[in-house]
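As numbered in UniProt numbering, residues 4 to 314 make up the sequence shown, in order.
Working notes, beginning with the structure itself.
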Amino acid sequence: KDQLKGRSCLTLFDYTTEELRYILDLAKEIKQKQKNKEVYHPLKGKVLGMIFEKSSTRTRVSFETGIYQLGGTGLFLSSKDLQLGRGEPISDTAQVLSGYLDGIMIRTFKQSDVEALAHYGSIPVINGLTDDYHPCQVLADLQTIEEVKGQLKGLTLTYIGDGNNMAHSLMVGAAKMGMHFKTAAPEGYLPNEDIVEKAKMIAEENGVTITVTTDPKEAMTGSDIVYTDVWASMGQESEQLKREALFKDYQVNEDLVSHAKDDYLFLHCLPAHRGEEVTTDVIDGKHSVIFQEAENRLHAQKALMVALMAD
Ligand code: CP
Ligand code: NVA
Numbered sequence: 004k005d006q007l008k009g010r011s012c013l014t015l016f017d018y019t020t021e022e023l024r025y026i027l028d029l030a031k032e033i034k035q036k037q038k039n040k041e042v043y044h045p046l047k048g049k050v051l052g053m054i055f056e057k058s059s060t061r062t063r064v065s066f067e068t069g070i071y072q073l074g075g076t077g078l079f080l081s082s083k084d085l086q087l088g089r090g091e092p093i094s095d096t097a098q099v100l101s102g103y104l105d106g107i108m109i110r111t112f113k114q115s116d117v118e119a120l121a122h123y124g125s126i127p128v129i130n131g132l133t134d135d136y137h138p139c140q141v142l143a144d145l146q147t148i149e150e151v152k153g154q155l156k157g158l159t160l161t162y163i164g165d166g167n168n169m170a171h172s173l174m175v176g177a178a179k180m181g182m183h184f185k186t187a188a189p190e191g192y193l194p195n196e197d198i199v200e201k202a203k204m205i206a207e208e209n210g211v212t213i214t215v216t217t218d219p220k221e222a223m224t225g226s227d228i229v230y231t232d233v234w235a236s237m238g239q240e241s242e243q244l245k246r247e248a249l250f251k252d253y254q255v256n257e258d259l260v261s262h263a264k265d266d267y268l269f270l271h272c273l274p275a276h277r278g279e280e281v282t283t284d285v286i287d288g289k290h291s292v293i294f295q296e297a298e299n300r301l302h303a304q305k306a307l308m309v310a311l312m313a314d
């Protein structure tokens, strides 16, 4: 418990399997408290700054609601309105904000910016999504899978789509929790090879495998958990048409999911583009747990904030 205090969450590589287990167990406990309407204020008087350089519905609302429910306050800081947006260095911003706040959540483009904020600051920094990682989303995803399937270990998670933030964080989260991970994308859009190599070492230690392929049917075969994400992420809007053509054989539809296990679960970080990366029958069908997953952002992040920020 104490070993997480004061630390940051830049990627899921930061945490051991035991630390992730602790956060997931705490998330379950905190969700139950919320359902029981228990007052729980371990972050009374604490302030979380939330820097956004990209749009958000879930991350913004779940962090702001979460810190409030824990007895603290969240400050929404659009990077457009901060001096950061006018060129103030991250190193100065980090040191200044460390004098006011108890934690920072940041959503931005470059992972190196989040790392710099943590390096120069002296308070926990939480990655609320970069081009490369989305650790908070995966904490909620793991919580959701465990709630529905009753376990994580030994399950196979398949991610179909662009090999960027979601692919990377799901791969690391799966490897750490002893789940097999399979992914498919067109050539040129597969996950970062260095990240795959690092995740493979963890997977091996935990007795599971990571499969990276361009064949969506191969990735889907025998899957317990089917996951996809938009083809053009935030910042890639100008590539939308090009990506629609490139990814058309990677749509998660009834035909593709017929290769998954009969009792597969469908997850999506949202926002989704129905009719593009996933068909309506799949995302709105009986295997889909997208809204339970979205709600768990709140509970998982409350657990993360308590673990990192509570006295
Ligand atoms: N899944 C997710 O992070 O959603 P938002 O972009 O709405 O925060
Ligand atoms: N891959 C998406 C995830 C959004 C939560 C993006 O980066 O826009």
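Glycine included, each C-beta is placed from N, C-alpha and C at the ideal position.
Annotation: asparagine 256 is outside any beta strand (DSSP E) and is labelled neither H nor E by DSSP. Runs of the beta strand (DSSP E) spanning 3 or more residues and lying entirely within the segment 151-178 occur at 159-163, in chain order.
Burial state of proline 274 is exposed, judged by a 10 Å Cβ sphere holding fewer than 16 other Cβ atoms. Cα atoms of glycine 52 and phenylalanine 79: separation of roughly 6 Å, rounded to the nearest angstrom.
Counting only residues of its own chain and dropping the five nearest sequence neighbours on each side, arginine 246 has a CB closer than 7 Å to the CB of Trp234, Ala235. Leaving aside the five residues that flank isoleucine 129 on each side, the residues in its chain whose CB is nearer than 6 Å to its CB run, in chain order, Cys12, Met108. In the DSSP annotation of this structure, the continuous segment of the alpha helix (DSSP H) that includes isoleucine 286 starts and ends at 283-286. Taken through DSSP and simplified to helix, strand or coil, arginine 300 comes out as helix. Residue pairing by DSSP places threonine 214 opposite Lys185 in a beta bridge. DSSP, read as helix, strand or coil, puts valine 50 in strand. Between ligand 1 and serine 226, a heavy atom-to-CB distance of less than 8 Å is absent. In the displayed model, arginine 277 falls within a strand according to three-state DSSP. Using a Cβ-Cβ distance cut-off of 8 Å, the segment 186-200 and the segment 237-253 are in contact, since at least three pairs of beta carbons, one from each stretch, lie closer than that value. Per DSSP, the unbroken beta strand (DSSP E) holding isoleucine 129 starts and ends at 128-130. Secondary structure within the segment 59-112: the beta strand (DSSP E) runs of 3 or more consecutive residues, fully enclosed, are 76-81, 106-110 (chain order). A Cβ-Cβ contact shorter than 9 Å links leucine 173 with aspartate 144.
Contact annotation: the segment 95-102 does not touch the segment 62-75, with fewer than three C-beta pairs closer than 8 Å.
Contact between the segment 159-167 and the segment 115-127 is absent, with fewer than three C-beta pairs closer than 8 Å. Residue range 228-231 is occupied by the beta strand (DSSP E) that includes valine 229. In this model, glutamate 257 and threonine 282 are separated by some 8 Å (Cα to Cα). Between ligand 1 and the CB of arginine 277, the shortest heavy atom gap is not smaller than 8 Å.
The closest heavy atom of ligand 1 lies 8 Å or more from the beta carbon of proline 138. Placement of the Cβ of aspartate 105 at a distance of 8 Å or more from every heavy atom of ligand 2 is found. Per the coordinates, the alpha-carbon of leucine 27 lies some 15 Å from the alpha-carbon of glutamine 295.
Assignment of serine 291 by DSSP, reduced to helix, strand and coil, places it in the strand class. Annotation for asparagine 168 indicates a beta carbon within 8 Å of some heavy atom of ligand 2. The continuous alpha helix (DSSP H) containing histidine 122 extends over residues 114-123.
Going by beta carbons, glycine 210 and glycine 181 fall inside the 9 Å limit.
Phenylalanine 269 is bridged by DSSP to Val229, Ser291.
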